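For the sequence shown, this note's numbering gives the first residue as 99, with consecutive numbering after it. A short write-up of the structure that comes next.
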Amino acid sequence: MKRIPVVLSCLVAFLGISTAGEARAQAAPPTTVIRAARMLDVKTGSIVPSASVVVTGGRIVAAGANVAVPSGANVIDLGNTTLMPGLIDSHTHLLQNYEGRFGSDDPNMVLTVAAMGTTKRALLGVAMGRQDLEAGITTVRDLGNSGWGGDVALRDAINSGWVDGPRIVASTRALAAAGGQFGGLAPEAQKLIEQEYVVISGVEDARRAVRQAFYDGADVIKVIVNTGPRVVSLEEMRVIVEEAHRVGKRVAAHTTTDQAARIAADAGVNSIEHGYSLPDDAIKTMHEKGIFLVPTDYPAEFYATALGTAATPEERASRLAAAKPFVTRSADRLTRAIKGGVKIAYGSDEYYDAPGKTRGQSSLLTLQAYQEAGMPMLEVIRAATINAAELLGIGDRVGAIETGRLADIIAVDGDPMKDAKDLQRVRFVMKAGKVIRNDAATRP
Ligand SMILES: [Zn+2]
99 MKRIPVVLSC LVAFLGISTA GEARAQAAPP TTVIRAARML DVKTGSIVPS ASVVVTGGRI
159 VAAGANVAVP SGANVIDLGN TTLMPGLIDS HTHLLQNYEG RFGSDDPNMV LTVAAMGTTK
219 RALLGVAMGR QDLEAGITTV RDLGNSGWGG DVALRDAINS GWVDGPRIVA STRALAAAGG
279 QFGGLAPEAQ KLIEQEYVVI SGVEDARRAV RQAFYDGADV IKVIVNTGPR VVSLEEMRVI
339 VEEAHRVGKR VAAHTTTDQA ARIAADAGVN SIEHGYSLPD DAIKTMHEKG IFLVPTDYPA
399 EFYATALGTA ATPEERASRL AAAKPFVTRS ADRLTRAIKG GVKIAYGSDE YYDAPGKTRG
459 QSSLLTLQAY QEAGMPMLEV IRAATINAAE LLGIGDRVGA IETGRLADII AVDGDPMKDA
519 KDLQRVRFVM KAGKVIRNDA ATRP
């Protein structure tokens, strides 16, 4: 036992901390064994029958068929389910939950930033994060729209064990051209912008903004390359990438036009977010430079039902008709990107309140959109596991059920290799060895 100064030992006695705690800490951590009828190996695409995963100290120490159960282990039998790695959403906004009744993005953003403030938004993030985790999303990359420091506070609270939530890779405020993604604000209201974005103009501004983001606690840099006619230049993007890559960090670029996609790809970012409009030459550059596409797509019904609660059948039909060409175009660019050898990572970009669904459940609709666009289910699952883990720079720790990795494990009913909708029915969630939910053992 280390010598403890008198004052500290009084404090220890006062807090009731005894040497028993020390003895506990030295004992071997408890071992849990998870059993299920099947386990998906996301690397090979094979299904392992009669699977067991042995978890000690938050990590996987053995996994496979007919693995021996260590004596004294706590066994969780999940019956007729399929074990998979925890899902990874590479594009979240946990600190906002827009409501269709307030209109679209512009009024919602003003209300959120001006009326809620960062403190309350961080608490909203606790609720949204919990909903993601319970739906099987064990890691997220949260890409801005989180106030000034809100995402970092939530990340650190989760890491400290204050609240349960997904592991967070945080971007802090997104870098953007004038105005960020705010709609037209009156001059006296434009102070709101810096609560949500760092406006850059020129390469030295861009450099300063990246360094400020790291000072604020960013794990990754998010850039809004285009918003209306305001576009970050190639020179600015190159400096952003240079500053981030120098310290081993990555850059995520929001693009929705051909021009913005070309700027982001030429600058050598790590991922293009959305990329709704993606010319073939940008796809070629992405393939050559190993740039991921994060297609934040949704099935057509989502646009018809989730955005706005009071839709009449007529409104719903007209929204569905309006959404279909967009959904078809998105499916086409996803197919072209995959054909062009671009790596795909799953990202939902979900930030609207979806009636009847938790944040996690509505976020998983994106996987359904990938399948409906023609992506084979194994590739859909890889986008949400090993590919996303690689994009986030944590490919050695999460994304697969393998010895040595963190025990982020989910169980689903049915065969997730057939239908993405099965991924919306998660029965069991474990994050780093902690059971978050288990409906599999108790269901009739
Ligand atoms: Zn987004």
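All C-beta atoms in this analysis are idealised placements derived from N, C-alpha and C, irrespective of residue type, glycine included. Because the structure is a prediction, the values reported are computed rather than measured.
Residue i: CB within 8 Å of a non-hydrogen atom of ligand 1
i	result
Asp447	yes
Glu371	yes
Ile243	The residue asked about is misnamed: residue 243 is Asn in this sequence, not Ile. Within the cutoff, so yes.
His191	yes
Thr325	no
Thr394	yes
His385	no
His352	yes
Close-in-space but distant-in-sequence residues of the same chain around residue i (CB under 6 Å, 5 per side omitted)
i	result
Leu273	Val296, Ile298, Ala307, Val321
Arg239	Ser188, Val267, Leu490
Glu120	Only weak support exists for where Glu120 lies, its pLDDT of 46 falling under 50; the value from the coordinates is given anyway. Hits under 6 Å: none found.
Ala486	Ile186, Ser188, Ala443, Tyr444
Gly184	Thr236, Asp506, Ile508
Asp317	Val267, Ala268
Lys529	Thr236, Asp506
Residue i burial status per 10 Å Cβ neighbour count (16 or more: buried)
i	result
Thr236	buried
Arg228	buried
Pro423	exposed
Thr270	buried
Gly373	buried
Arg348	buried
Arg431	buried
Gly223	buried
Ala498	buried
Assigned secondary structure, residue i (DSSP; H/G/I helix, E/B strand, else coil)
i	result
Ser369	strand
Pro453	coil
Pro147	strand
Leu106	A caution first: Leu106 carries a pLDDT of 43, below 50, which makes its placement in the model unreliable, though a value can still be read off. Looking at Leu106 - three-state DSSP - the assignment turns out to be helix.
Ala121	Confidence in Ala121 is poor, its pLDDT being 47 and thus under 50, which makes the residue's placement too unreliable to answer from.
Ser47	As displayed, the chain neither begins before 99 nor continues past 542, which places residue 47 out of reach and without an answer.
Gly531	coil
Pro183	strand
Tyr468	helix
Gly162	strand
Met473	coil
Ile361	helix
Met137	strand
Phe526	strand
Ser269	coil
Tyr295	strand
Ser188	strand
Ala351	strand
Phe390	strand
Ile322	strand
Leu376	coil
Ala274	strand
Arg344	helix
Arg543	A question about residue 543 goes unanswered here, because the residues of the chain that appear run from 99 up to 542.
Ile508	strand
Nearest-angstrom Cβ-Cβ length linking residue i and residue j, presumed shorter than 8 Å
i	j	result
Val496	Leu504	5 Å
Pro534	Asp262	Just to set this straight, residue 534 is Ile in the shown sequence, not Pro. Contact flag correct, Cβ pair sits at about 6 Å.
Val524	Gly177	Going by Cβ atoms, the distance from Val524 to Gly177 rounds to 15 Å, so no, they are not a contact pair.
Tyr196	Tyr450	5 Å
Ala380	Val339	Not really, about 15 Å apart at Cβ, beyond 8 Å.
Pro514	Ile484	At roughly 15 Å, the Cβ-Cβ gap does not stay under 8 Å, so Pro514 and Ile484 are not in contact.
Val159	Val167	About 12 Å separates the two Cβ atoms, so there is no contact after all.
Thr355	Ser375	5 Å
Cβ shell of residue i (< 7 Å), same chain only, five flanking positions each side left out
i	result
Arg305	Val337, Glu341
Pro127	Thr154, Gly155
Thr433	Ala471, Gly472
Cβ-based neighbour list, residue i, same chain, cut-off 8 Å, excluding 5 preceding and 5 following
i	result
Thr179	Ala134, Ala135, Arg136, Ala509, Val510, Asp511, Arg525, Phe526, Ala538
Arg414	Ala402, Thr403
Val440	Ile381, Met384, His385, Ile389, Phe390, Leu391
Leu290	Val208, Val211, Ala212, Phe280, Leu283
Asp314	Trp246, Gly247, Val250, Thr270, Arg271
Gly278	Ala272, Ile291, Glu294, Tyr295, Val297, Ile322, Thr325
Chain C contact for residue i (CB, 9 Å cutoff)
i	result
Asn368	Given the protein chain composition of this structure (a single chain), no chain C is represented.
Residue i Cβ short of 8 Å to ligand 3 heavy atom set
i	result
Gly143	Of the ligands this structure carries, namely ligand 1, none is ligand 3.
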